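2 protein chains.
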Amino acid sequence: MGKVYVVGMGPGKRDGMTIRAAKALEESDLIIGYTVYVDLLREEYQSKELLATGMRQEKERCSLCISKAGEGKTVSLVCSGDAGVYGMASLLLEMNKDSDVEIEVIPGVTAALSGSALLGAPLSGDFCVVSLSDNLTPWEMIERRLRSAALGDFPLAIYNPCSKSRPEHLKKALTILSEYMDGERPCGIARNIGRDDEKVQVCTLNELGSLDIDMFTTVFIGCSDTVIVNGRLVTPRGYMSKV
Amino acid sequence: MGKVYVVGMGPGKRDGMTIRAAKALEESDLIIGYTVYVDLLREEYQSKELLATGMRQEKERCSLCISKAGEGKTVSLVCSGDAGVYGMASLLLEMNKDSDVEIEVIPGVTAALSGSALLGAPLSGDFCVVSLSDNLTPWEMIERRLRSAALGDFPLAIYNPCSKSRPEHLKKALTILSEYMDGERPCGIARNIGRDDEKVQVCTLNELGSLDIDMFTTVFIGCSDTVIVNGRLVTPRGYMSKV
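Quick note, the sequences are listed as chains A and B, same order. Residue 238 in numbering that gives the first Met the number 0 sits at position 239 of the first sequence, and the numbers go up by one each step. Residue 13 in numbering that gives the first Met the number 0 sits at position 14 of the second sequence, and the numbers go up by one each step.
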């Protein structure tokens, strides 16, 4: 019997993955993932079998992993960022319910953390992550979570702020958040994290609405304590005000 | 002029850090951190200067980094987990306000992600992280955030669930959460993540109150969708119910 590693690759380039993730890929007979991620690995892992499936092929991808592991292969199922957070670990574990394939989840640096690091330290303590994609989550639930995050005064990382099929989601979210905070709230965006055309920008809540934001952008909304220090977005933890 | 890397070391052992974090340590003249973390690095980085400061010495630690970088040294300030989330990045950026030392934040795998991976995939989409330590955050804010997380039906990772000086915090938190969810809610704990005596356990909300939980434990509270599959804690993303 083989094994499946679900590998969080971190942001962008190889440097962003953990040493443990690199070892799992090295140990695998077969690397499976979404076309775009597998293409990034093709040059480095020429000796491995690489299989790519397209968008919306998530069940097929997991099913392939279970079947290849059943044949005795060691398989890495690669995910950008973390293996769990908006990754494939949960679906694979669900689909493995009636099999007994060994599954090891290898965590990775999700965009909330890698984007924060580029901006400064907006997520320095308690925080929330919310995706605006309503592909799998009803918009009512997304709105409920945005309102709850604002009520809790959490710094917030927003994934999938918009895409071609839902260009208005970020604007709807900003309208909701504006009920709870003023337009000068420090915010920021990080786009193409870890890639050659990586770009970050610190701004206010009001300014977010007019920025060029796409599906490769992660948006950060500060909490009431968040400030801009030397151009970096920072949520103080409270050490400076503690006597 | 030198430079400070704030390095998220990930959980426990070297394997949990990113390749980029390992390169930053290698490139540094000096590694600074909390005694326990620096001791873990002592053997591997014998050629480096290592400086440790104790608990509650956070300002002194950051000040030392800025002053050593001012002398032209390349310094790594090491943090367990991520560099930002409950790490030193925000304080260092605050304290660097009137200096012009270059600071690069290198993100790492925080316990919410590494603990999730061990348990299965409880944080598979939107989620919240809340610390129960009231050292820097008033308990009223902690309670507000717990209530907001429950109102938003977020899966929740709880850091610093209790310590010797605040043994009752987790019980108080569980009492609050019980107002919003029933006692059979799937939950889990991960202790000493990435270390030799690593331990994970899947349980219910009711059972959490009687487990052996300390300051090295991260607690996971499922959302209303979270289930236990083959002993793993899993929050489905919705692929299986999507037609």
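Virtual Cβ for every residue (Gly too), placed ideally from N, Cα, C. Quantities reported herein were computed from a predicted structural model and do not represent experimental measurements.
Show which residues of chain A have a CB atom less than 8 Å away from the CB atom of residue i.
i      : result
F126/B : V84, C127, V128
S46/B  : What S46/B touches in chain A: nothing, since even the nearest Cβ is about 20 Å away.
Is residue i buried or exposed, if buried means 16 or more other CB atoms sit within 10 Å of its CB?
i      : result
D81/A  : buried
T216/A : buried
S130/A : buried
R231/B : buried
T34/B  : exposed
M0/A   : exposed
S147/A : buried
G15/B  : buried
S27/B  : buried
V132/B : First, the residue type needs correcting, since residue 132/B is Ser and not Val in the sequence shown. Flag for S132/B reads buried.
M54/B  : exposed
G86/A  : buried
R41/B  : exposed
Enumerate in chain order the residues of its own chain whose CB-to-CB distance from residue i is below 8 Å, with the five nearest sequence positions on each side excluded.
i      : result
K58/B  : L90, M94
P106/B : G7, T17, D81, A82, G83
G182/B : T203, L204, N205
A68/A  : M0, G1, K2, V3, V74, V100, E101
G71/A  : M0, G1
Kindly give me the distance between the Cβ atoms of residue i and residue j, rounded to whole angstroms, as I take these residues to be in contact under 8 Å.
i      : j      : result
M8/A   : V77/A  : 5 Å
G187/B : L118/B : 4 Å
V100/A : A116/B : Rounded, the Cβ-Cβ distance is 17 Å, inconsistent with contact.
Y179/A : A149/A : 4 Å
L145/A : G237/B : Rounded, the Cβ-Cβ distance is 18 Å, inconsistent with contact.
V201/A : A189/A : Between A189/A and V201/A the Cβ distance is about 10 Å, and since that is not below 8 Å, they are no contact.
G141/A : L169/A : The residue you asked about is not Gly; residue 141/A is Ile in the sequence shown. At roughly 11 Å, the Cβ-Cβ gap does not stay under 8 Å, so I141/A and L169/A are not in contact.
R165/B : I220/B : With 8 Å as the limit, R165/B and I220/B do not qualify as a contact, their Cβ atoms being about 19 Å apart.
In chain B, what lies closer than 7 Å to residue i by C-beta?
i      : result
K241/A : L135
E93/A  : V228, V233, P235, M239
G9/A   : T17
L90/A  : R236, Y238
For residue i, which residues of its own chain have a beta-carbon under 7 Å away from its beta-carbon, when the five flanking residues on both sides are left out?
i      : result
I102/A : V3, V5, L91, L92, N95
L207/A : L173, C186, V218
P10/A  : G80, V108, A110, S113, I192, G193
C222/B : D152, F153, P154, T234
Y44/A  : L24, I30
D224/B : T234, P235
C64/B  : V3, I31, V74, L76, L91
P160/A : L131, H168, L169, I212, T216, V218
What in chain A is Cβ-close to residue i, meaning under 9 Å?
i      : result
R194/B : Here the premise fails: no neighbours, minimum Cβ distance about 14 Å.
K96/B  : V228, N229
Quick one: list the residues of chain B neighbouring residue i, beta-carbon separation under 8 Å, in chain order.
i      : result
V104/A : S115, A116, L117, G119, A120
T109/A : L112
Take residue i and list the residues in its own chain whose beta-carbon comes closer than 6 Å to its own, dropping the five residues that flank it on each side.
i      : result
F126/B : F153, P154
E48/B  : L29
Q120/A : Reading off the sequence shown, one finds Ala at residue 120/A, where the question assumed Gln. Counting only Cβ-Cβ distances below 6 Å, and skipping sequence neighbours, we find V233.
C61/A  : L90, L91, M94
S98/B  : I65
G124/B : R236
E197/B : N191
V128/A : A111, A156
T52/B  : E59, R60
V37/B  : L49, A51
Using a C-beta to C-beta distance shorter than 7 Å, which residues of chain A count as neighbours of residue i?
i     : result
K58/B : Y238
R13/B : I18
At a CB-CB cut-off below 9 Å, which residues of chain B make contact with residue i?
i      : result
D81/A  : V108, L112, S115, A116, L122
A172/A : Simply none; closest approach about 13 Å.
TODO: Output, in sequence order along the chain, the residues in the region 18-33 of chain B whose CB is closer than 8 Å to any CB in chain A.
DONE: Listed in sequence order: I18, R19, A21, K22.
Open item on the list: At a CB distance below 7 Å, what residues from the region 215-238 of chain A approach chain B? Give them in sequence order.
Closed with: Listed by position, the residues of the region 215-238 of chain A near chain B (Cβ gap below 7 Å) are V228, N229, R231, V233, T234, P235, R236, G237, Y238.
- [ ] Pull out every residue of the region 142-162 of chain A whose Cβ sits closer than 9 Å to any Cβ of chain B, in chain order.
- [x] Those would be R143, R144, L145, R146, S147, A148, A149, L150, G151, D152, F153, Y158, in chain order.
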